[in-house]
Amino acid sequence: MEFLLNPDEFKGPCNLSLTINSGQTSQPAWKENQGVFSELVSIKKEACLLKVAQQDGSLKINAESRNNISEKALKQRIRQIFDLDFDLDQLYDFLREDPKLEPTIDFCQGMRLFIAHDPFECIISSISSANCSILRWSRSIRDIKYKWGNPYSFGDESFYTFPSPKIISQLPEHDLEEMQRCEDHLPEDFQFNNNLQACGVGYRAKYIIKTAEMIQNEISLHKIAKMDYGDAFDTILELPGVGPKVADCILLYGFGMGEAFPVDVWIKRIICHLYFDGKDVAVPKIRDFGMEQFGEYAGYTQLYLFHYARKSGLLDKLTTKKK
DNA sequence: TTCCAGGTAGTCG
DNA sequence: CGACTACCTGGA
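Numbering (numbering that gives the first Met the number 0), first residue to last: 0 to 322.
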């Protein structure tokens with residue numbers, strides 16, 4: 000199935016590449032080939048290979064699946080993933096009211112939240128991203144999918160689903176545990192690599208396993224999606240490896256809760272520079288400030304400020320000045 | 001080679 | 001509460 004999603008079907012501009020490549024921690028960037036972005040996405044429980052490309056202001060959508068999917072369900076999913084129901088022009092009106100935020104508009108024209116297509120994958124990605132580079136956690140997620148996800152082939156391309164909470168919860172944590180579970184007689188120099196730590200997640204392996212177990216047994220993602228932001232925040236904070244920053248990333252990029260204001264060290268530096276005269280203010284205070292100051296636009300403001308700071312050279316200035 | 005980035009959990013006051 | 005530090009790993 001192939002069709003165009005025209006600009007009159009969503010609110011404000013949409014820059015696909017900017018949205019997908021802005022380093023949001025919910026999911027690794029989608030596979031790109033000559034401007035076409037592809038990913039295996041579940042639509043009404045049906046595995047579907049989505050291909051999305053920018054065509055002027057429109058989005059060109061191509062979808063393949065074993066069984067038929069209605070165009071309506073497909074469109075709905077696309078709107079959700081790229082946050083197309085959010086009115087960017089309204090955001091720009093808001094940003095223009097603050098001279099400190101106004102410059103971000105030009106740098107981020109058309110950039111939207113890139114909402115995770117799989118909330119569980121988003122949670123594991125976010126835990127893996129804590130204290131870690133984008134390159135490293137993206138690799139880990141890729142390895143996890145490759146090792147334990149279900150493969151789907153479309154033409155000559157292969158994609159893997161992200162494994163379920165049940166599967167992750169039962170994985171060996173590291174080499175030693177994998178060795179202990181193995182009853183076969185193996186050569187002396189056998190390399191154990193079917194464990195989580197072998198995917199480069201480091202000490203987060205135990206958090207990931209325990210989190211998967213809790214999601215499997217006691218915490219319903221379905222319910223979190225329906226909670227208000229405050230309750231959802233308190234609930235996912237219970238997951239091991241999830242602190243305030245990761246919780247806000249999950250709620251923003253995984254569940255589309257726009258009032259979340261994830262504060263990492265970069266955002267802290269940017270906010271201290273812009274709003275506190277370069278003074279060092281503690282992270283929890285920055286979070287309070289952001290939520291109070293930016294309200295329902297806190298999430299987008301965080302996204303825009305970060306991208307703006309990176310592209311304008313402000314970020315470099317803040318690191319070398321070390322303040 | 002050593003050093004360092006970068007959130008969370010744990011400990012201590 | 002706030003301040004401090006260990007934690008895996010990969011890139012400088």
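Even glycine gets a Cβ: it sits at the ideal position worked out from N, Cα and C.
(request) Mind listing, in chain order, the continuous beta strand (DSSP E) runs of no fewer than 3 residues lying wholly within the segment 82 to 120? (result) none
(message) Can you list, in chain order, the residues of its chain with a C-beta nearer than 6 angstroms to that of CYS198? Leave out the 5 residues immediately preceding and following it.
(response) What you label residue 198 is simply residue 199 of the first sequence in a count that begins at 1. If we look at CYS198 and ignore the five residues flanking it on each side, its Cβ neighbours are SER139, ASP142 and ILE143.
(request) For GLN89, count neighbouring Cβ atoms within 10 angstroms of its own Cβ and tell me buried if that reaches 16, exposed if not. (result) Taking the first sequence and counting its residues from 1, one reaches residue 89 at position 90. By the neighbour-count rule (16 or more Cβ atoms within 10 Å), GLN89 is not buried but exposed.
(request) Starting from VAL245, trace the alpha helix (DSSP H) both ways and give me its first and last residue. (result) By 1-based counting over the first sequence, the position of residue 245 is 246. VAL245 -> alpha helix (DSSP H) spans 243 to 248.
(request) Please determine, among GLU172, SER64, ILE60 and LEU73, the residue with the shortest C-alpha to C-alpha distance to ASN192. (result) Here residue 192 is taken as the residue at index 193 of the first sequence, counted from 1. If we check each option's Cα against that of ASN192, GLU172 comes out closest.
(request) Taking CYS47 as part of the beta strand (DSSP E), name the residues at either end of that continuous run. (result) As a working mapping, residue 47 is identified with position 48 in the first sequence. Segment 45 to 54, the beta strand (DSSP E) holding CYS47.
(request) For my contact list, CYS107 and SER25 are in at a C-beta cut-off of 8 angstroms; report their separation, rounded to the angstrom. (result) Here residue 107 refers to the residue found at position 108 of the first sequence. Here residue 25 refers to the residue found at position 26 of the first sequence. Incorrect: roughly 17 angstroms between the Cβ atoms, too far for contact.
(message) I'd like to know whether the C-beta atoms of ALA52 and VAL40 end up nearer to each other than 7 angstroms.
(response) For this step, residue 52 is matched to residue 53 along the first sequence. For this step, residue 40 is matched to residue 41 along the first sequence. Going by C-beta atoms, ALA52 is not nearer than 7 angstroms to VAL40.
(message) Please tell me whether TYR252 and ALA115 are closer than 7 angstroms, where the distance is taken between their beta carbons.
(response) Translated into positions along the first sequence, residue 252 becomes position 253. Translated into positions along the first sequence, residue 115 becomes position 116. Cβ atoms of TYR252 and ALA115: closer than 7 angstroms.
(request) Decide if VAL200 is buried, meaning its Cβ has at least 16 other Cβ atoms within 10 Å, or exposed. (result) On the first sequence, position 201 is the one that residue 200 refers to. Buried, since its Cβ has 16 or more Cβ neighbours within 10 Å.
(request) Note down, one range per segment and in chain order, each beta strand (DSSP E) of at least 3 residues found wholly within the segment 146 to 188. (result) 150 to 153 and 156 to 159
(message) Along the chain, where does the beta strand (DSSP E) containing LEU58 start, and where does it finish?
(response) The count along the first sequence starts at 1 and reaches residue 58 at position 59. Where LEU58 is concerned, the enclosing beta strand (DSSP E) stretches over 57 to 64.
(request) To the nearest angstrom, report how far apart VAL262 and CYS271 are at their CA atoms. (result) Walking along the first sequence from the start, residue 262 turns up at place 263. Walking along the first sequence from the start, residue 271 turns up at place 272. Rounded to the nearest angstrom, the two C-alpha atoms are 12 angstroms apart.
(request) Look up GLU329 in the DSSP assignment and say whether it is helix, strand or coil. (result) What the structure shows of the chain is the stretch from 0 to 322, and residue 329 is not part of that stretch, so it cannot be assessed.
(message) Just to confirm, is the Cβ distance from ILE285 to LYS267 under 7 angstroms?
(response) Taking the first residue of the first sequence as 1, we reach residue 285 at position 286. Taking the first residue of the first sequence as 1, we reach residue 267 at position 268. Contact: yes.
(message) Rounding to the nearest angstrom, what Cα-Cα distance links LEU304 and CYS248 in this structure?
(response) Here residue 304 refers to the residue found at position 305 of the first sequence. Here residue 248 refers to the residue found at position 249 of the first sequence. Looking at the two C-alpha atoms, the distance is approximately 15 angstroms.
(request) Mark LYS320 as exposed unless 16 or more other C-beta atoms lie within 10 angstroms of its C-beta, in which case mark it buried. (result) Here residue 320 corresponds to residue number 321 of the first sequence, with the count starting at 1. Only weak support exists for where LYS320 lies, its pLDDT of 49 falling under 50; the value from the coordinates is given anyway. LYS320 comes out exposed.
(request) Report the residue from THR318, VAL264, PRO6 and GLU101 whose alpha carbon sits nearest the alpha carbon of TYR91. (result) Residue mapping note: residue 91 aligns to position 92 of the first sequence, counting from 1. Residue GLU101 is the option with its Cα nearest to TYR91.
(request) Return the chain-ordered list of same chain residues with a C-beta closer than 6 angstroms to the C-beta of GLU212, the five sequence neighbours on each side being excluded. (result) Taking the first sequence and counting its residues from 1, one reaches residue 212 at position 213. Excluding sequence neighbours, GLU212 sits near SER168.
(request) Determine the burial state of THR318: buried for a count of at least 16 other Cβ atoms within 10 Å of its Cβ, exposed for fewer. (result) Taking the first sequence and counting its residues from 1, the one referred to as residue 318 is at position 319. Burial call: exposed.
(message) By alpha-carbon positions, which one of PHE288, MET256, LEU273 and ASN130 ends up nearest to PHE85?
(response) Start at 1 with the first residue of the first sequence, and residue 85 comes out as number 86. Taking only the C-alpha atoms, the option nearest PHE85 is MET256.
(request) Give the straight-line distance between the Cα atoms of PRO12 and PRO6, rounded to the nearest whole angstrom. (result) Walking along the first sequence from the start, residue 12 turns up at place 13. Walking along the first sequence from the start, residue 6 turns up at place 7. PRO12 and PRO6: Cα-Cα distance of roughly 7 angstroms.
(request) Quick one: residues in its chain with C-beta nearer than 8 angstroms to the C-beta of MET110, no 5 flanking neighbours on either side, listed in chain order? (result) As a first step, residue 110 is located in the first sequence; it is residue number 111 there, counting from the start. ASN14, LEU17, THR18, SER21, LEU302, TYR303 and HIS306.
(request) Might you give, ordered along the chain, the residues of its own chain that have their beta carbon closer than 8 angstroms to the beta carbon of GLN190, omitting 5 neighbours on each side? (result) The count along the first sequence starts at 1 and reaches residue 190 at position 191. If we look at GLN190 and ignore the five residues flanking it on each side, it has no Cβ neighbours.
(message) For ASN32, list the residues DSSP reports as bridge partners.
(response) Translated into positions along the first sequence, residue 32 becomes position 33. In DSSP, ASN32 forms a bridge with VAL35.
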